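First up is the structure itself, then whatever we jot down about it.
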Amino acid sequence: MTEKPRYRELDRAELDAEQRRIFDDIGRPRAGQVPAPFHIYVESPELAETAQAVGAFCRYRTGLPPRLSETVILVTAAHWNAPYEFGVHAGEARRAGVPEAEIEAIAAGRRPDFSDPDAALVHDFAAAFYREREVPDALFDAACARFGRRTVIELTGLMGYYSMLAIALRIFRVPPPA
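Each residue of the sequence shown is one higher than the one before, counting from 12 in the working numbering.
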C-alpha cells in the first residue's frame with residue numbers, strides 16, 4: 012500500500028505577508044534554506060514563530076555542547092523513526108565530533124560503545140525515558156550531578172522540542188534528505 016504524500020515544500024511567492032516574514036526569518040541564518048518542519052509549521056505562522064524561537068534556544072543555547080545535543084537529537088529521531096530528522100542531524104553530529112560508530116549504533120537501535128562518559132550519560136538519559144517513559148532516580152541524579160539541574164531541564168526541553176518536530180515529520184510523511 013502506497014501512502015498518500017502529505018508534505019509539500021512551500022513556494023515563498025504563494026505565502027501571505029505574515030507567512031513570508033516568518034519564512035524569511037527562519038531562512039535568514041540558514042542562507043535562505045528553510046528546514047522541512049517549517050514548511051509545515053509556517054502554514055500556522057504563530058506556531059512557526061514560537062517553534063523557531065524554542066528551537067533556536069534548544070539547538071544553540073543550552074548548557075550542553077553541540078556533540079551532546081546532537082547525540083540526544085539522534086536518540087530522539089531514532090525513537091520516533093523520523094528519517095528526515097535523523098539524516099539531517101547525523102550530518103550535524105559528525106560536524107560536532109560524534110564518532111561515526113556512535114551514529115550508526117543509534118541508527119540501528121543499539122547503545123553505542125561510548126568513549127565519552129558524558130555522551131553515554133545523555134544517551135542513557137534520553138533512551139531510558141523513551142523506552143520506559145521514566146528516568147530512573149540514579150540516572151536523573153547522575154545527570155544533575157554532572158551537568159546541573161538547569162542543564163537537565165534544558166536536556167528535557169531538547170528532547171521535547173525534537174520530539175515535536177519528529178511527530179510533525181512523521182505525520183506529514185517528510186522523506187529523508189537526499
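Ideal Cβ positions, reconstructed from N, Cα and C, are used throughout, including at glycine. Given the structure is predicted, the values throughout are model-derived calculations rather than measurements.
Note the first and the last residue of the continuous alpha helix (DSSP H) segment covering residue i.
i, result
"Ala101", "94 to 106"
"Ser80", "77 to 90"
"Asp152", "148 to 158"
"Asp127", "Segment: none, Asp127 is in no alpha helix (DSSP H) and carries neither H nor E."
"Pro186", "Neither: Pro186 is in no alpha helix (DSSP H) and is coded neither H nor E."
"Gln44", "From DSSP, Gln44 is part of no alpha helix (DSSP H); its letter is neither H nor E."
"Leu26", "Per DSSP, Leu26 belongs to no alpha helix (DSSP H) and is neither H nor E."
"Val65", "56 to 71"
"Ala118", "111 to 118"
May I have the straight-line CA-CA distance separating residue i from residue j, to the nearest angstrom?
i, j, result
"Thr13", "Arg181", "15 angstroms"
"Ala131", "Phe125", "6 angstroms"
"Pro16", "Ser55", "19 angstroms"
"Glu143", "Ala64", "29 angstroms"
"Leu26", "Ala154", "44 angstroms"
"Leu166", "Asp129", "13 angstroms"
"Trp91", "Ile178", "7 angstroms"
"Glu60", "Glu81", "23 angstroms"
"Arg78", "Ala149", "23 angstroms"
"Pro123", "Ala93", "19 angstroms"
"Gly168", "Cys69", "7 angstroms"
"Leu21", "Ala189", "18 angstroms"
"Val86", "Ala28", "37 angstroms"
"Pro40", "Val83", "23 angstroms"
"Ile195", "Ala42", "In the structure displayed, the chain extends from 12 to 189; residue 195 sits before or after that span and is not available."
"Tyr173", "Val133", "15 angstroms"
"Glu145", "Asp135", "12 angstroms"
Residues in its own chain within less than 7 angstroms of residue i by CB, not counting five upstream and five downstream?
i, result
"Leu176", "Pro48, Glu96"
"Gln44", "Gly38"
"Arg161", "Gly74"
Quick one: what's got a C-beta closer than 6 angstroms to residue i's C-beta in the same chain, skipping five residues either side?
i, result
"Tyr18", "Phe183, Arg184, Val185"
"Ile114", "Ala101, Ala104"
"Pro187", "Pro94, Tyr95, Gly98"
Could you round the C-beta distance between residue i and residue j to whole angstroms and report it? I think they count as a contact, below 8 angstroms.
i, j, result
"Ala62", "Tyr52", "5 angstroms"
"Arg32", "Arg23", "With 8 angstroms as the limit, Arg32 and Arg23 do not qualify as a contact, their Cβ atoms being about 11 angstroms apart."
"Ala89", "Gly120", "6 angstroms"
Can you find the residues in the same chain that come closer than 8 angstroms, C-beta to C-beta, to residue i, ignoring five residues on each side of it along the sequence?
i, result
"Pro147", "Ala139"
"Leu58", "Tyr52"
State yes or no: is the beta carbon of residue i nearer than 7 angstroms to at least one beta carbon in chain B?
i, result
"Thr82", "Of the protein chains in the structure, only one exists, and it is not chain B."
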